[in-house]
Structure formats: C-alpha cells, structure tokens
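All remarks here apply to the structure that follows.
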DNA sequence: CCTCTATTTAGACGCCTGTCTAATTGTCTC
DNA sequence: GAGACAATTAGACAGGCGTCTAAATAGAGG
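Residue numbers (my numbering), protein chains in the order written: chain A, 1 to 94; chain B, 95 to 188.
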C-alpha cells in the first residue's frame, strides 16, 4: 500500500494514469504529453510499475503501457473504508 | 488535489486518518500510538490540515482532531473515475 | 553487421521531507 | 503572576525524490 500512495503523490504520474485510463499507449506517446526528458518519464513509468499500477508489454521496438485497475480498486476501497468508519461513528451518536 | 496525495504518501499520516475514522482524538492521544516525538507528530498534523484532510478545534489546553470526509470523497471519486474510464474502454472493444 | 529508432540505465545534483532537540505559545490552577 | 501541562514553532540534518545529461540496451531493416 505504501508503494501505491508514494507513486500517486506525483502529479505527472497521476496524469500518466489518467491518460492510460483512456487507452493503452507506448512510452513515446506518453512522453509527448509532458514537457520532460524521456529518461525522466521512464523513471516515472518504473515507479508506477513497482507499485503495480501499470503493466507493460514490448511490441517490437516499442513498449506499451496499460492501467492495472486492480490496484486502483485497493485505493478506492481504502478511501471507502475510512469514510464508512467515520459515517458509522456519526450514526451511533446523532 | 496535489496536497491531498502528498499528505497520503506517508504511512504515519494514513494511520492517523484511520484512527480518526474511529473517533475524534486529541493531539496527545494520537501521539501515544506512535513511536515518535510530539513535534514530529505535530508536523504530520499540520500536513494533514493543509490538505484539509483533518479539522481541529481547541478545548482548553488540548486540541481535538477529526476526519474531514469530504476531501476523502474526492480521493474516492478520483479513483472511481479512473477505473470507470478503463472499464468503458474495455466494453467498447470486447 | 551497421545504423537508426525506441527506451531504459547510470550517475549527478538540488530540493523537498521526515525526524530530532530546543525554545515558544496557549491555557488552567493556585 | 508563577508553575505546570498540552501542543506548536524554529532550526538543523540526513535521506529520499524528481530531474537532467550521457551512455547503454533492444529490436527493425537494410
């Protein structure tokens, strides 16, 4: 869980996830959307991969990245549980 | 949104949120749950407050902290939208 | 095998962050 | 007002993080 939230803490990486939510993309296509060198982008990819937020597969010279929604659901659930806890407490003492 | 995710990137702060989900607590009570000095805890409180993830009110010498679920819902929604995007794409190309 | 393209790895650098100790602020009680 | 208690602010410091340039790897195609 820590790797996931660490990965989400950077705005560039969150934007990468948003783009990948729309469609699978190659490293190069993704890089075009940002004012940053390719090595920097590659670093962000690796952080997201380590957190298992994205998956990659090579196709010829290019590498295709895609979103792994399973891990995103963990984030979703984490936030939900916290809110649910707080709500439960409110109901007990109205 | 950036302050929120930055705040969530630290495990100590996520644990603080979990505790506050169960019940409102004073700074001192919270600090007891962690192996850390009170100034360090105070720093974490301030990061969470800046992100508006928690609210505080003074009562005598003590300061009570509570969860602000509104902002947590933003996180919830953010994750949801991303997952929804990915799902929509899957359905279009089955 | 050489070269071109796509991408990553290595290493360096400055800034941001989490932690600490010491000092300060705010509040209650005598 | 003095002392005690709760909590924060100030300042210092090590380690982590995001970015860059330069070099390396991987594959495609002559």
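Even for Gly, the Cβ is constructed at its ideal location relative to N, Cα and C.
Keep in mind it's a predicted model, so treat the numbers as computed, not measured.
Under the Cβ criterion of 9 Å, residue 108(B) is counted among the residues facing chain A. Closest in C-alpha terms to residue 3(A), from the list 98(B), 102(B) and 97(B), comes 102(B).
The beta-carbon separation of residue 173(B) and residue 5(A), rounded to 12 Å, does not stay under the 8 Å limit for a contact. Taking 9 Å as the cut-off, the beta carbon of residue 147(B) is found closer than this to the beta carbon of residue 161(B). Exclusion of the five residues before and after residue 149(B) leaves 160 and 162 as the residues of its chain whose Cβ lies within less than 6 Å of its Cβ. The beta-carbon of residue 64(A) is placed no less than 9 Å from the nearest beta-carbon of chain B.
If you draw a 10 Å sphere on the C-beta of residue 25(A), you find 16 or more other C-beta atoms in it, and that means buried. Taking C-beta atoms under 8 Å as the contact rule, residue 12(A) and residue 34(A) qualify, at a distance of about 6 Å.
Distances from the alpha-carbon of residue 84(A) to those of 122(B), 185(B) and 113(B) put 113(B) closest. The shortest C-alpha to C-alpha distance from residue 27(A) to any of 59(A), 87(A) and 91(A) is the one to 59(A).
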